[in-house]
Amino acid sequence: MRPSPKGKLSSPPPAAPSVRFFQIDANHAGQRLDNFLVGVCKGVPKSHVYKAIRSGQVRVNKGRAQAEYRLEDGDLVRIPPMRLPQPSQARAVPPGQFPIVFEDDAMLVVDKPAGVAVHGGSGVSFGVIEQLRAARPGEMLELVHRLDRETSGLLMVAKQRKALVALHQLMRESGGRKMYQALVVGDWVNDRQHLRQPLFKWLTPSGERRVRVDPEGKPAHTIVTLLERFGDYSLVQAELRTGRTHQIRVHLASSGFPIVGDEKYGPDAVRAEFSARGFKRMFLHAGRLEIPHPLTGAPLTFEAPLPEACRRLLEDLRARA
Numbered sequence: 137m138r139p140s141p142k143g144k145l146s147s148p149p150p151a152a153p154s155v156r157f158f159q160i161d162a163n164h165a166g167q168r169l170d171n172f173l174v175g176v177c178k179g180v181p182k183s184h185v186y187k188a189i190r191s192g193q194v195r196v197n198k199g200r201a202q203a204e205y206r207l208e209d210g211d212l213v214r215i216p217p218m219r220l221p222q223p224s225q226a227r228a229v230p231p232g233q234f235p236i237v238f239e240d241d242a243m244l245v246v247d248k249p250a251g252v253a254v255h256g257g258s259g260v261s262f263g264v265i266e267q268l269r270a271a272r273p274g275e276m277l278e279l280v281h282r283l284d285r286e287t288s289g290l291l292m293v294a295k296q297r298k299a300l301v302a303l304h305q306l307m308r309e310s311g312g313r314k315m316y317q318a319l320v321v322g323d324w325v326n327d328r329q330h331l332r333q334p335l336f337k338w339l340t341p342s343g344e345r346r347v348r349v350d351p352e353g354k355p356a357h358t359i360v361t362l363l364e365r366f367g368d369y370s371l372v373q374a375e376l377r378t379g380r381t382h383q384i385r386v387h388l389a390s391s392g393f394p395i396v397g398d399e400k401y402g403p404d405a406v407r408a409e410f411s412a413r414g415f416k417r418m419f420l421h422a423g424r425l426e427i428p429h430p431l432t433g434a435p436l437t438f439e440a441p442l443p444e445a446c447r448r449l450l451e452d453l454r455a456r457a
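Quick note: to get my numbering, add 136 to the position in the sequence shown (first position is 1).
Shown next as structure tokens:
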């Protein structure tokens, strides 16, 4: 090793990254391609991973594949060279503690606060899953599903590969029940209503992800139940029967009842009005989850109470009504 000009030992240059190949086994079968790559390419920014998929540099069985492709036992995945960030560029993830609703050897259920992303990416350095991993080094922790950053409530994390595969299959088959509470603009008409508009996901010119109702979109099904009326606003329960991106938000907005505080699909004037009252989030909360245990099949029911800010807002609306 040669001395540097200042007399200090210089480190050898890092080895150039190379193409890697992975053959999928039963432990990874059923996992989304993007989630698999994020796990294998730890430290690589998610934006680089998705760019590699979109550009066709990532191959499955020698062909292009979409980010949402579900890997199958025996698939051969080609991963292009991806350079890790230099140590000086790495940002330490602070360990995070979140209210635990349930935990056993197979899974963990936490109550995610609004304003916290579930994972890093899209301008966010880290999220719930990275903070949990920092707080629990050495444990296997994988997201089972996602919640939007401004949505609060129940979030499932698998602690075993077998549990992750079983829970992913449950989500794909619309098993169990996932129920949210939402405050919407307008006087909701029906006590119970099924919304089945297909949803199409697209990107704005700036790269922002959006969803719209479109006949070319994927099937989506939300069951909406009226809980309480406040004149110009209504509290509803929305049960997901499919799990599309922004599904509840777009289904309600396209029906003429956008969620209070929704910055993508709701009116700016309403958001400004509620922000002036001190309510500065979207009123969407994943409050109840009913699923069979991924390993034993035993029925499980989880609940997360409405956050204090949401409860105070409802009390204010009741008083005004």
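Cβ atoms here follow ideal geometry from the backbone N, Cα and C, with glycine treated the same way. It should be emphasised that the depicted structure is a prediction, and the values quoted were computed from it without experimental measurement.
For Y316 versus I384, is the C-beta spacing smaller than 7 Å? yes
Same chain, Cβ closer than 7 Å to P231, five either side skipped, listed in chain order: Q267, A270, A271
Using the Cα positions of E439 and R424, report the straight-line distance between them to the nearest angstrom. 5 Å
What does the alpha-carbon distance come out to for the pair N197 and G166? 16 Å
So, is P148 buried or exposed, given that buried needs 16 or more other C-beta atoms within 10 angstroms? Note that P148 scores a pLDDT of 48, beneath 50, so its modelled location is shaky; the value from the coordinates is reported in the next line. Exposed.
Limits of the unbroken beta strand (DSSP E) element including Y316: 313–321
Which complete beta strand (DSSP E) runs does the segment 253–316 hold, if anything under 3 residues is left out? 288–294
Given a threshold of 16 other Cβ atoms within 10 Å of its Cβ, counted over all protein chains shown, does R454 qualify as buried or as exposed? exposed
For P216 and V237, believed in contact at Cβ under 8 Å, the rounded distance: In fact, because the Cβ distance is near 39 Å, the residues do not count as touching under 8 Å.
With M307 and K295 assumed to form a contact (beta carbons below 8 Å), what rounded beta-carbon distance in angstroms separates them? About 17 Å; that fails the 8 Å criterion.
What does DSSP give as the partner residues of D247 in its beta bridges? L290
In chain order, what residues of the same chain have a beta carbon less than 6 Å from the beta carbon of L449, not counting five sequence neighbours either side? F415
At which residue ranges does the segment 364–415 contain complete alpha helix (DSSP H) runs of 4 or more residues, listed in the order of the chain? 383–390, 404–412
Pairing CB atoms from the segment 321–336 with CB atoms from the segment 295–305, are three or more of them under 8 Å? no
Pull up the distance between the alpha-carbon of R377 and that of E309, whole angstroms please. 9 Å
Cross-strand partners of L425 (DSSP beta bridge): K314, F438
Around the C-beta of G379, are 16 or more other C-beta atoms found within 10 angstroms, so that it is buried, or is it exposed? exposed
If E286 sits next to R413, beta carbons under 8 Å apart, how far is it from one beta carbon to the other, in whole angstroms? Not really, about 17 Å apart at Cβ, beyond 8 Å.
Excluding sequence positions up to five away, which residues of its chain have a Cβ less than 6 Å from the Cβ of V213? F158, V196
Can L207 and F262 be called in contact, C-beta distance under 7 Å? no
Going by CA-CA distance only, name the one from P235, R365, H255, V155 that's closest to P181. H255
Determine, using beta carbons only, whether E426 and R313 come nearer to each other than 7 Å. yes
Rounded to whole angstroms, what is the Cα-Cα separation between P443 and G199? 46 Å
Span of the alpha helix (DSSP H) around F419: Unbroken run through F419: none, as it is neither H nor E.
Comparing the C-beta of G379 with each C-beta of chain D, is any distance below 7 Å? No chain D is present in this structure, which holds just one protein chain.
Quick check on the DSSP output: the beta strand (DSSP E) that includes K337 runs from which residue to which? 335–339
Span separating the alpha-carbon of S224 from that of H429: With a pLDDT of 47 at S224, under the threshold of 50, the modelled position of this residue cannot be trusted; read the value that follows with caution. Their backbone Cα atoms lie some 43 Å apart in a straight line.
Output the boundary residues of the beta strand (DSSP E) element that contains H330. 328–331
Since V349 and T381 are thought to touch, with beta carbons under 8 Å apart, how far apart are those beta carbons, to the nearest angstrom? V349 to T381, Cβ: 13 Å. No contact.
Identity of the residues DSSP links to T358 by a beta bridge: L331, L376
Counterpart residues of I236 in DSSP-defined beta bridges: V246
Are the Cβ atoms of L303 and A422 separated by less than 7 Å? no
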